[in-house]
Each structure stands twice: as C-alpha cells, then as structure tokens.
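In our numbering, the protein residues as written are 3 to 169.
Glycine included, every Cβ here is placed at the ideal spot set by N, Cα and C.
Since the structure comes first, as structure tokens, the remarks are kept for the end.
Okay, structure coming up:
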C-alpha cells in the first residue's frame, strides 16, 4: 500500500487503506467520494453473541479500526476528512514520498491534543457600578392616561388654595 497510496496509508495504515480502496472501487473512486461517505463503507452491526439487542445497533466501520481512532473516539469525522484529502493527493500522484500524509497525521494528532486540553477557567465578572440618579421613564399613551387619571382636578386645586369654586 505504501507504493499505491503512501499518503493515505500514512494516516490510516496500510490495512485500513486497502479496505477503504476496495470498498470504494479503487483510489480514484475514493478520491471522488465526499468525506462524509468515507465513514460509511464497511459499516456493519456489531455481533454481541446473545447479549442485549439494544446495544447491538452500534456500527463499526473501517475508519474506527485505525490506531488514531482507538486513542480518541471523537476523531472519526476528522480522520475521514483527512483521509479523503490524502486519497486525492495520492490519486493525482502529487506526493509519492508520503510527506503530505505524515503532515496530515501530525495535524490530526495536534487537533486531538487540543481537544483533550481542559477549557480555560472563567474569570468572575464584576457587577457594574449602580447609577445614582433614577432612569428617565418613557412616555406614551399609557403614561399620559395614567397621569390624567391621577391628576388633581381644577376643583381640588382651588379647594387646596382655599378659594371657593363658583359655577
């Protein structure tokens, strides 16, 4: 496999690369395949030999047989994408030495290490300084109606002043 697809075998290994190429129908067919479909070839149900059928629905595919996937279970989609890129490089014979595959493998390892780092601690956010003066209230029809309802009438104003109201 190192001669036919050196970049692909550098990422997923020779055995898995051969299985992927066999299921796809060759290196050119694998290179034309989208990355989301690379996970699907070889997907078959696990046989649990008489155990619960609820857990037997889990599928195992060729990408999951790689060494990288065994170390980090989240890397399936990333492995499929990078292996598709490597297959495209191999189908065009752009890098027969396999350096592109090695670089992609290092990129995968770096991303997995970054995923495994703990998230940064959140800094406590101080409360804002309260305003000393009250906020202005918005006007509008409701406010005008309320002021009208609770406003003092002319009769009350004159009574407060001590004058007598004449009609």
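Distance from the CA atom of residue 71 to the CA atom of residue 106, rounded to whole angstroms, is 15 Å. Per DSSP, the continuous alpha helix (DSSP H) segment holding residue 110 begins and ends at 101-118.
When secondary structure is reduced to three states using DSSP, residue 160 falls in the helix class. A straight line joining the alpha-carbon of residue 38 with that of residue 79 spans about 7 Å. Following the DSSP letters along the chain, one finds residue 13 inside the alpha helix (DSSP H) bounded by residues 8-14. Approximately 13 Å separates the beta-carbon atoms of residue 83 and residue 10; this is outside 8 Å, ruling out the contact. Residue 152 counts as exposed, since fewer than 16 other C-beta atoms from the protein chains shown sit within 10 angstroms of its C-beta.
Annotated as proximal: residue 12 and residue 104, with beta-carbon spacing under 8 Å.
The alpha helix (DSSP H) runs of length 4 or more contained entirely in the stretch 129-154 are, from start to end of the chain, 143-152. Under the three-state reduction of DSSP, residue 5 is assigned to coil, being neither helix nor strand. In the DSSP assignment, residue 91 falls within the unbroken alpha helix (DSSP H) covering 78-93. Between residue 91 and residue 81, the C-beta spacing is not below 8 Å. Distance between residue 14 and residue 100, taken at the CA atoms: about 12 Å. At a Cβ-Cβ threshold of 8 Å, residue 94 and residue 40 do not count as neighbours. Look at residue 21 here: in three-state DSSP terms it is helix. Spatial neighbours of residue 4 in its own chain (CB-CB distance under 8 Å, excluding positions within 5 residues in sequence) are listed in chain order as 11, 16, 100. Straight-line spacing of the CA atoms in residue 130 and residue 145 works out to 29 Å.
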